[in-house]
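Residue 822 in our numbering sits at position 649 of the sequence shown, and the numbers go up by one each step.
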Amino acid sequence: MKKTLRPYLIIAVTGLLAFAPVSFMLFALKNDIVALEYPINQFMSQCIRQGELPVWFNTWDMGFPLQSNLTWGIFSSPQLFFNTIFEYNIYTLHIEFIFFVLLSGWSMYYLLQRKLGRDEHLSLLFALCYMLSGFMIGSTQWLLYITAAAFVPLMAAALLSLLRQPGLKTAFQAAVIYLLMFTSVYAAFNIISTYCILFFVGLWIWQNRKERTVLKRLIPFLILTVLFTTLLCFPVIYFTMELLGQLDRGTALASGSSFFNSNYLHPGAISSMLFPFSSTGMRYPNTEGTMLNTYCGLFTFIMLPVAVFQMFRGKKRVSYILLATALIMLLLSFGNFTPLREALNILPGFSYFRNPAIFRYFFIFALILFISSSLDGKKMEDLLSDIRTKYTILLALLVSLIIGFLHAGSFSNINFNAIAALLKGISPSQSLFVAALFQFLMLGLLYLLIRQNKWKMAASLLVAELVINTLVCTPYFSVSRYSPSAVSKIMAVQQGFPVQTNSPAAVAATYTDPNGNLWHNINVYRKEISSNESYKGPLVLKKEGKFNEAGTNGIVFAEKADSTISIQVISQKPGEVKVRVMSAQDNSICLLQNYFKGWKATVDGVTADFVRRDRPGISVAVTAGQHEIIFSYQRQDLQIAFWLIHIFVLIYVLLKIAGLIRKNRIKSSSLSSRY
Numbered sequence: 174m175k176k177t178l179r180p181y182l183i184i185a186v187t188g189l190l191a192f193a194p195v196s197f198m199l200f201a202l203k204n205d206i207v208a209l210e211y212p213i214n215q216f217m218s219q220c221i222r223q224g225e226l227p228v229w230f231n232t233w234d235m236g237f238p239l240q241s242n243l244t245w246g247i248f249s250s251p252q253l254f255f256n257t258i259f260e261y262n263i264y265t266l267h268i269e270f271i272f273f274v275l276l277s278g279w280s281m282y283y284l285l286q287r288k289l290g291r292d293e294h295l296s297l298l299f300a301l302c303y304m305l306s307g308f309m310i311g312s313t314q315w316l317l318y319i320t321a322a323a324f325v326p327l328m329a330a331a332l333l334s335l336l337r338q339p340g341l342k343t344a345f346q347a348a349v350i351y352l353l354m355f356t357s358v359y360a361a362f363n364i365i366s367t368y369c370i371l372f373f374v375g376l377w378i379w380q381n382r383k384e385r386t387v388l389k390r391l392i393p394f395l396i397l398t399v400l401f402t403t404l405l406c407f408p409v410i411y412f413t414m415e416l417l418g419q420l421d422r423g424t425a426l427a428s429g430s431s432f433f434n435s436n437y438l439h440p441g442a443i444s445s446m447l448f449p450f451s452s453t454g455m456r457y458p459n460t461e462g463t464m465l466n467t468y469c470g471l472f473t474f475i476m477l478p479v480a481v482f483q484m485f486r487g488k489k490r491v492s493y494i495l496l497a498t499a500l501i502m503l504l505l506s507f508g509n510f511t512p513l514r515e516a517l518n519i520l521p522g523f524s525y526f527r528n529p530a531i532f533r534y535f536f537i538f539a540l541i542l543f544i545s546s547s548l549d550g551k552k553m554e555d556l557l558s559d560i561r562t563k564y565t566i567l568l569a570l571l572v573s574l575i576i577g578f579l580h581a582g583s584f585s586n587i588n589f590n591a592i593a594a595l596l597k598g599i600s601p602s603q604s605l606f607v608a609a610l611f612q613f614l615m616l617g618l619l620y621l622l623i624r625q626n627k628w629k630m631a632a633s634l635l636v637a638e639l640v641i642n643t644l645v646c647t648p649y650f651s652v653s654r655y656s657p658s659a660v661s662k663i664m665a666v667q668q669g670f671p672v673q674t675n676s677p678a679a680v681a682a683t684y685t686d687p688n689g690n691l692w693h694n695i696n697v698y699r700k701e702i703s704s705n706e707s708y709k710g711p712l713v714l715k716k717e718g719k720f721n722e723a724g725t726n727g728i729v730f731a732e733k734a735d736s737t738i739s740i741q742v743i744s745q746k747p748g749e750v751k752v753r754v755m756s757a758q759d760n761s762i763c764l765l766q767n768y769f770k771g772w773k774a775t776v777d778g779v780t781a782d783f784v785r786r787d788r789p790g791i792s793v794a795v796t797a798g799q800h801e802i803i804f805s806y807q808r809q810d811l812q813i814a815f816w817l818i819h820i821f822v823l824i825y826v827l828l829k830i831a832g833l834i835r836k837n838r839i840k841s842s843s844l845s846s847r848y
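In structure tokens:
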């Protein structure tokens with residue numbers, strides 16, 4: 174048992190050290206993960222702890238339904254777990270982030286060692302290369318990217334189990350893991366992964382087309398898996414499509430537009446495979462530095478030539494397929510530098526997302542699988558002592574030396590006394606020089622250790638190289654200079670759901686601190702509805718009314734001017750607002766929330782029709798006198814889907830735990846019977 178857990182413990186310790194500023198709560202995560210995902214998760218947690226189902230996000234853009242898989246929503250079981258177990262705050266966000274980083278390493282090791290049967294030490298090193306790849310460090314501001322890296326290897330492992338051992342158990346397992354991935358990652362990863370699954374399953378069937386017995390057993394369980402998956406995912410797809418048509422960004426993107434082609438991987442950024450730190454200073458038009466890191470460890474880099482040689486020597490078809498997949502994914506990540514990305518738009522789903530650099534994740538994933546497949550049966554010592562490995566290291570040393578020499582002039586301009594300025598304004602030349610110098614030292618030391626046959630020390634050095642290269646990139650891509658406690662004070666979270674006293678127009682949605690930094694969606698933490706603009710990403714409903722002007726009144730107001738009217742908000746929950754009205758004349762009472770299917774109203778317990786259903790603004794008519802109005806967001810179909818999905822996941826988890834307990838008991842009894 175201890176030996177089995179040892180690799181997972183090593184992965185955990187390595188991940189914690191590599192992301193030390195986050196894991197040890199030294200500095201807070203930054204950018205989109207704080208501006209978008211943190212407020213959503215914090216809101217959902219508050220709802221659950223107050224006994225509310227978080228289906229209507231009342232303080233987001235004056236109301237938004239959390240019913241899709243376009244971001245975190247009610248259908249993600251992992252997210253529901255974090256929101257339920259913890260009182261969600263900035264520290265919980267850090268814990269969740271680190272968990273999914275570690276899960277990516279664990280799941281990759283599980284795939285390589287347990288499902289593909291690779292050497293334990295090689296599997297461990299490749300899993301670390303995957304976990305600390307340039308995609309991971311560059312994507313720290315998007316938690317839904319990190320979760321993709323965690324779930325894709327698990328999905329691949331489940332698919333392999335199904336193809337090799339078709340049965341009811343593996344069919345149900347594949348369906349549930351696909352559901353977990355489908356509800357917990359950025360939608361683009363789901364689209365790409367689904368097409369990859371279809372392609373590789375089709376390829377598997379084609380390769381085994383002459384094995385009638387194999388296919389006769391496999392096909393029924395493949396069909397059963399599709400049925401299970403469709404049953405589990407259909408509610409999510411239905412509610413996502415219902416929302417998609419109501420979003421500002423809910424239509425296909427024009428393929429020739431600058432927006433569609435934004436955030437691509439520039440071909441010049443391939444240098445980051447050897448010099449990861451150079452990505453911190455890269456500047457290319459219409460893309461971000463976070464999209465330019467293709468690093469996947471020095472070990473992967475030096476093993477690539479050996480793997481290619483073994484591929485041609487062994488002529489394994491799977492190696493050719495994996496290498497071709499990696500190269501295609503790399504070309505797709507270049508965006509409009511090649512016609513491939515635009516050509517994919519003929520397939521449903523691909524025209525709805527931008528960020529071609531997303532494909533570099535699949536490049537890294539396929540590349541590691543290719544190398545591990547080509548090197549199957551090899552031991553660490555054999556690979557490191559291979560003459561091709563030594564030549565590759567020497568060539569990389571020469572390249573590092575040349576690059577360092579060419580950019581040595583930038584060293585004199587580096588001011589190490591002004592670290593903040595260096596972090597914000599490091600030049601491409603400076604970042605290349607630092608990266609080349611560091612990799613030259615690592616490569617030189619690695620070569621010396623190999624020459625002296627110190628294999629364990631060489632492996633440790635390769636792990637240290639991963640940790641250091643990740644660590645030095647975190648100030649640029651991952652963390653701000655604010656501590657988590659400082660961020661927590663800025664957010665000033667209000668517990669519960671108090672009645673709002675300020676008008677939406679008077680509530681700030683963005684706060685600018687004394688250092689000039691913007692903090693978006695702060696009204697969410699104060700539980701106040703705001704009509705002021707903030708950074709919402711794609712989660713914005715199409716507007717039908719005058720958004721900013723509408724907020725000059727209170728959250729509930731009379732549409733006809735009446736100085737004698739009395740309006741009292743009794744309670745204000747996310748999906749229910751109770752109002753007491755005393756009016757001397759007939760009027761219309763308006764709640765400043767975006768209308769969406771599910772809103773209902775009662776006047777004195779009797780269902781009332783809306784006289785206005787805008788965005789924002791939901792109005793009901795009242796006669797003269799005293800009335801109690803209840804505006805409520807009710808989606809019984811959504812609640813049923815919510816409970817069914819999470820019950821299925823819970824059943825799977827319980828069955829998995831029971832299976833592990835039974836397996837350990839059998840092992841224990843077999844061991845005791847020997848003595």
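Note that beta-carbon positions come from the ideal geometry of N, C-alpha and C, so glycine has one too.
Please read these numbers as outputs of a predicted model, since none were measured by experiment.
Would you tell me roughly how many angstroms separate the C-alpha atoms of Ile396 and Ser703, rounded to the nearest one? 49 Å
Are the CB atoms of Leu405 and Ser241 within a distance shorter than 9 Å?
Going by C-beta atoms, Ser241 is not nearer than 9 Å to Leu405.
Return the CA-CA distance between Arg490 and Ser545, expressed in angstroms with no decimal places.
14 Å
### Task
Tell whether a beta-carbon distance below 9 Å holds between Pro339 and Arg390.
yes
Q | For Gln807, the three-state DSSP class (helix, strand or coil) | A | For Gln807, the three-state secondary structure derived from DSSP is coil.
Fill in: Identity of the residue in Leu570, Leu503 and Arg514 nearest Ala539 by Cα
Leu503
> How should Leu284 be labelled, buried or exposed, when 16 other C-beta atoms within 10 angstroms of its C-beta is the threshold for buried?
Replying inline: Buried is the call here.
Neighbourhood of Val752 by C-beta, 6 Å cutoff - its chain only, sequence neighbours within 5 removed:
Val729, Val742 and Ile802
Practice task
Closer than 6 Å by C-beta to Thr642: which residues in its own chain qualify, once you throw out the five before and the five after it? Chain order, please.
Solution key: The displayed chain sequence assigns Asn, not Thr, to residue 642. Around Asn642: Pro449.
Simplified DSSP state of Trp229, which is helix, strand or coil: strand
Q. Around the C-beta of Asn721, are 16 or more other C-beta atoms found within 10 angstroms, so that it is buried, or is it exposed?
A. Residue placement at Asn721 cannot be trusted, given a pLDDT of 48 that sits under 50; what the coordinates show is reported in the next sentence. It counts as exposed.
**Request:** Use the C-beta contact count for Lys203: other C-beta atoms within 10 angstroms, 16 or more gives buried, fewer gives exposed.
**Result:** The Cβ neighbour count for Lys203, taken over all protein chains shown within 10 Å, is at least 16; the residue is labelled buried.
Q: Please state if the CB of Ala201 and the CB of Ser653 are separated by a distance shorter than 9 Å.
A: yes
Notebook entry, point to check: What does DSSP give as the partner residues of Ala731 in its beta bridges?
Noted result: Ala731 pairs with Ile762.
| DSSP state of Pro449, grouped into three classes? | helix
Three-way DSSP call (helix, strand, coil) for Leu332 in this model = helix
Review point. So, is Thr343 buried or exposed, given that buried needs 16 or more other C-beta atoms within 10 angstroms?
Key: So Thr343 ends up on the buried side.
Requested in this report: Reducing DSSP to helix, strand and coil, say where Gln314 ends up.
Outcome: DSSP places Gln314 in the coil class of the three-state scheme, outside both helix and strand.
Alpha carbon to alpha carbon, how far is Pro212 from Leu275?
23 Å
query: DSSP beta-bridge partners for Ile740?
result: Per DSSP, the beta bridge partners of Ile740 are Val754.
Integer Cβ distance of Leu317 from Tyr359, believed to fall under 8 Å
So it is a contact: roughly 4 Å between Cβ atoms.
Give the single residue among Phe355, Ala497 and Phe606 whose Cα lies nearest to the Cα of Thr413.
-> Phe355
Exercise for review: Would you mind stating whether Phe255 and Val409 have Cβ atoms separated by less than 9 Å?
Suggested key: no
ask   = For Leu622, which residues of its own chain have a beta-carbon under 7 Å away from its beta-carbon, when the five flanking residues on both sides are left out?
value = Within the same chain, Leu622 has close Cβ partners Met630, Ala631 and Leu634.
Checklist line | C-alpha distance - Val822 paired with Tyr534, whole-angstrom precision | finding: 27 Å
*Okay, do the segment 436-451 and the segment 607-623 touch, 3+ Cβ pairs below 8 Å being the bar?*
With a cut-off of 8 Å, the segment 607-623 and the segment 436-451 count as touching, because enough Cβ pairs lie within range.
Point to revise | Option in Val776, Arg786 and Ile791 with minimal Cα separation from Gln799 | key: Val776
Quick check: Tyr698 and Leu691, are their CB atoms within less than 9 Å of each other? In this structure, Tyr698 lies away from Leu691, with their beta-carbon atoms at least 9 Å apart.
Spatial neighbours of Val784 within its chain, please: CB distance less than 8 Å, with the 5 preceding and 5 following residues excluded, ordered by chain position.
-> Ser761, Ser792, Val793 and Ala794
query = Cα-Cα, which of Ser280, Met281 and Pro251 is closest to Ile268?
reply = Pro251
### Message
What would DSSP say about Gly582, mapped onto helix, strand or coil?
### Response
helix
Thr177 versus Ile319 - alpha carbon distance:
25 Å
Checklist line | Minimum C-alpha distance to Ile695 - residue among Pro687, Glu706, Lys627 and Ala682 | finding: Ala682
How is the beta strand (DSSP E) around Thr775 delimited, first residue to last? Here the beta strand (DSSP E) through Thr775 covers Trp772 to Val776.
### Chain-order list of residues whose beta-carbon lies under 7 Å from that of Lys719 (same chain, five-residue window excluded)
Here Lys719 scores only 49 on pLDDT, less than 50, and its place in the model should not be relied on; the value that follows carries that caveat. Closer than 7 Å at the Cβ level, and outside the excluded window around Lys719, lies no residue.
| query | Between the C-alpha atoms of Ala323 and Glu706, what's the straight-line distance to the nearest angstrom? | reply | Whole-angstrom Cα-Cα distance: 34 Å.
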